[in-house]
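Residue numbers (the numbering used here): 157 to 311.
Glycine included, each C-beta is placed from N, C-alpha and C at the ideal position.
A quick note: this is a predicted structure, and the numbers were derived from the prediction, not measured.
Here is the structure we will look at.
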Amino acid sequence: MKIVYLDWNVFNKMEKVGEQSSPLKEQLSELEVLIQDKRIAAVYSNAHISDLVRGYLKNPGYIPDHLNTLRRLTNNLCITQYWGESKTRWHFRDPQEYFDSALEDRDSTALSFSTLFEGLDDPLMRAYGEIQNISLKLKKIDPGFRKIYTSNKIG
Numbered sequence: 157m158k159i160v161y162l163d164w165n166v167f168n169k170m171e172k173v174g175e176q177s178s179p180l181k182e183q184l185s186e187l188e189v190l191i192q193d194k195r196i197a198a199v200y201s202n203a204h205i206s207d208l209v210r211g212y213l214k215n216p217g218y219i220p221d222h223l224n225t226l227r228r229l230t231n232n233l234c235i236t237q238y239w240g241e242s243k244t245r246w247h248f249r250d251p252q253e254y255f256d257s258a259l260e261d262r263d264s265t266a267l268s269f270s271t272l273f274e275g276l277d278d279p280l281m282r283a284y285g286e287i288q289n290i291s292l293k294l295k296k297i298d299p300g301f302r303k304i305y306t307s308n309k310i311g
């Protein structure tokens, strides 16, 4: 059996297969048949879970269906590299449990550079953080770097 790694966008389109245009709808349906017939196995990863955590912060209402889609199409087969481990791990892990764990980790992690300094009581350290933040904003971006985004803009 071949193992495939599908981008979250593919899983999302498979979840909403009925809304897709005819050629894509047929391809996604065929892909699902291959998965359900166990001719190929799809896996999910920490990247999929990270995408869902970001989506949860915007609209948590979609998450249950997304997690069910991952569960249905991957049979809980997960590939990930956990923090502090040097090797990728293949194992079975319920996407809901992984999502809940990632969401809990996110709650205890700074969301931006600025928020790293919000909880400090020392006014001097807070001022230092602000100076660092300002200095980053004042740095000029190399014109060559900007050219990367002229043909394929992000966002």
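Nearest-angstrom Cα separation, counted from residue j out to residue i
i           : j           : result
residue 178 : residue 218 : 24 Å
residue 194 : residue 186 : 12 Å
residue 246 : residue 296 : 42 Å
residue 249 : residue 232 : 5 Å
residue 174 : residue 183 : 12 Å
residue 200 : residue 225 : 11 Å
Residue j beta carbon less than 9 Å from that of residue i
i           : j           : result
residue 259 : residue 167 : no
residue 170 : residue 196 : no
residue 202 : residue 254 : yes
residue 207 : residue 164 : yes
Three-state class that DSSP yields for residue i in the structure shown
i           : result
residue 177 : coil
residue 244 : coil
residue 287 : helix
Ranges of the alpha helix (DSSP H) found wholly within the segment 176-205, counting only runs of at least 4: Fully contained in the segment 176-205 are the following alpha helix (DSSP H) runs of length 4 or more, in chain order: 178-192.
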